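Trainee:
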Amino acid sequence: MPAALIVGGTGGLGIEIARSMVERGVHVTITGRDTDRARDVAAQLGPDVVALGLDLGDPASVESGLASSGAVDHLVIAALEPAFISISDFDIAAATRVITVKLVGYAAVVETLRDRLSADASVVLFGGAGAARPYPGSTMLSTFNAGISGLVRTLAVELAPLRINALHPGVVGDSPRWRDVPDIPAIARTPLGRLVTMAEIVDATWFLLTNTGVNAFDLAVDGGYTTT
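Under the numbering used here, the first residue of the sequence shown is numbered 9, with each subsequent residue one higher.
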């Protein structure tokens with residue numbers, strides 16, 4: 009049975025990715041900053057799902073947080089920190105934390121697990137459409153999502169022949185963050201004519217994890233939002 013670790017698996021897209029893997033017969037471990045919540049979510053997903061507490065905002069704790077994790081075939085890092093920070097109202101502490109979570113924290117997870125990744129393991133790091141299409145208030149979000157692209161490329165070289173890819177979702181219309189928001193401007197800017205769905209992001213994640221010819225690639229799943 010393949011084993012997957014979903015970092016940031018207690019909310020939004022992370023839960024849906026974990027659920028899809030359980031349904032595929034994958035042995036799943038999820039992490040979240042709140043250990044109790046992680047355990048509650050794991051229990052909802054299935055009796056064999058393992059929960060770990062892990063805060064990527066404290067990269068020095070990543071090694072101990074993942075100490076009980078075994079071999080990993082599929083690694084998905086989707087942890088996210090709220091990041092609506094603009095230069096005109098710049099919060100240094102908040103900016104430092106979000107950059108730490110998304111870049112230092114993501115890298116720390118991969119470094120910690122590098123000797124536990126199986127010979128044909130695959131890794132997906134989550135970025136976002138803000139890397140290619142910034143907007144007011146996206147200063148740090150656009151910066152760290154662009155950084156994910158660079159991180160993926162260097163990891164693909166350093167960890168070759170393991171496959172490392174990035175997934176950059178657009179606005180996910182049925183996600184907890186957006187499903188109750190009316191009149192989302194991104195819809196009018198999306199050639200698809202609608203927002204992407206959580207199921208589409210889950211499907212794209214599985215594609216990146218399992219298609220053995222895709223490596224060091226940035227996959228935008230945004231309905232064309234970043235092309236217009």
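Virtual Cβ for every residue (Gly too), placed ideally from N, Cα, C. The structure presented is a predicted model; accordingly, all values stated were derived computationally and were not measured.
Shortest alpha-carbon distance to aspartate 63 belongs to which of Ile100, Ser72, Leu227, Asp81?
Mentor: Against the sequence shown, residue 63 aligns to sequence position 55. Out of Ile100, Ser72, Leu227, Asp81, Ser72 has the C-alpha closest to the C-alpha of aspartate 63.
Trainee: Looking only at its own chain, which residues have a Cβ that is under 6 Å from the Cβ of asparagine 223, when we skip the five neighbours before and after it?
Mentor: Here residue 223 corresponds to residue number 215 of the sequence shown, with the count starting at 1. So the list reads Ala164, Arg171, once near-sequence residues are dropped.
Trainee: Counting Cβ pairs closer than 8 Å, one from the region 33-43 and one from the region 141-150, do we hit at least three?
Mentor: No: fewer than three Cβ pairs fall under 8 Å.
Trainee: Under 8 Å: do the region 198-213 and the region 21-34 share three or more Cβ pairs, one atom per stretch?
Mentor: Yes: the two stretches touch, three or more of their Cβ pairs being nearer than 8 Å.
Trainee: My parser needs the alpha helix (DSSP H) runs of 4 or more residues fully inside the region 86-113; what are they?
Mentor: As far as the region 86-113 is concerned, its whole alpha helix (DSSP H) runs of at least 4 residues are 100-107.
Trainee: In the DSSP assignment, the alpha helix (DSSP H) including arginine 141 goes from what residue to what residue?
Mentor: Looking up residue 141 in the sequence shown gives position 133. First-last for arginine 141: undefined, no H or E at that position.
Trainee: In three-state DSSP terms, what is phenylalanine 152?
Mentor: The residue given as residue 152 occupies position 144 in the sequence shown. Note: phenylalanine 152 maps to helix in three-state DSSP.
Trainee: In chain order, what residues of the same chain have a beta carbon less than 8 Å from the beta carbon of arginine 202, not counting five sequence neighbours either side?
Mentor: Within the sequence shown, residue 202 is the residue found at index 194, counting from 1. So the list reads Gly181, Ile195, Gly231, once near-sequence residues are dropped.
Trainee: In its own chain, which residues sit with a C-beta less than 7 Å from the C-beta of serine 157, not counting the 5 before and 5 after it?
Mentor: Translated into positions along the sequence shown, residue 157 becomes position 149. So the list reads Gly135, Ala139, Ala174, Asp226, once near-sequence residues are dropped.
Trainee: Any idea what DSSP makes of valine 70, helix, strand or coil?
Mentor: In the sequence shown, counting from the first residue as 1, residue 70 sits at position 62. It is helical.
Trainee: Which one or two residues does DSSP pair with alanine 228 in a beta bridge?
Mentor: One-based indexing of the sequence shown puts residue 228 at position 220. Paired residue(s): His176.
Trainee: I need the DSSP call for leucine 238, collapsed to helix, strand or coil.
Mentor: A query on residue 238 cannot be resolved here, the shown segment of the chain reaching from 9 to 236 and no further.
Trainee: With a cut-off of 8 Å on the beta carbons, I'd call aspartate 56 and histidine 35 a contact; round off their distance for me.
Mentor: In the sequence shown, residue 56 corresponds to position 48, counting from 1. In the sequence shown, residue 35 corresponds to position 27, counting from 1. About 6 Å separates the two Cβ atoms, so the contact holds.
Trainee: Could you pull out every residue in the same chain whose Cβ sits closer than 7 Å to the Cβ of isoleucine 95, ignoring the five residues on either side in sequence?
Mentor: Taking the sequence shown and counting its residues from 1, one reaches residue 95 at position 87. Hits under 7 Å: Thr147.
Trainee: Quick one, are the C-beta atoms of glycine 155 and leucine 111 less than 7 Å apart?
Mentor: Taking the first residue of the sequence shown as 1, we reach residue 155 at position 147. Taking the first residue of the sequence shown as 1, we reach residue 111 at position 103. For glycine 155 and leucine 111, yes; Cβs fall inside 7 Å.
Trainee: Where leucine 200 and methionine 206 are concerned, what is the direct C-alpha to C-alpha distance, given to the nearest angstrom?
Mentor: Stepping through the sequence shown from its first residue, residue 200 is reached at position 192. Stepping through the sequence shown from its first residue, residue 206 is reached at position 198. Those two C-alpha atoms are separated by around 15 Å.
Trainee: Could you please give the first and the last residue of the uninterrupted alpha helix (DSSP H) stretch that includes valine 49?
Mentor: Working through the sequence shown from its first residue, we reach residue 49 at position 41. From DSSP, the alpha helix (DSSP H) with valine 49 extends over 43-53.
Trainee: Reducing DSSP to helix, strand and coil, say where valine 131 ends up.
Mentor: Here residue 131 corresponds to residue number 123 of the sequence shown, with the count starting at 1. In this structure, valine 131 counts as strand in the three-state DSSP scheme.
Trainee: Measuring CA to CA, which of Leu159, Pro10, Gly33, Ala51 is closest to glycine 17?
Mentor: Within the sequence shown, numbered from 1, the residue matching residue 17 stands at position 9. Minimum Cα distance to glycine 17 is reached at Ala51.
Trainee: Who are the near neighbours of phenylalanine 92 in its chain, counting only those whose CB is closer than 8 Å to its CB and skipping five residues on each side?
Mentor: Reading the sequence shown from its first residue, position 84 is the one you call residue 92. Excluding positions up to five away in sequence, the list reads Gly145, Ser146, Leu149.
Trainee: Would you give the residue range spanned by the alpha helix (DSSP H) that isoleucine 23 belongs to?
Mentor: Taking the first residue of the sequence shown as 1, we reach residue 23 at position 15. Unbroken alpha helix (DSSP H) run through isoleucine 23: 20-31.
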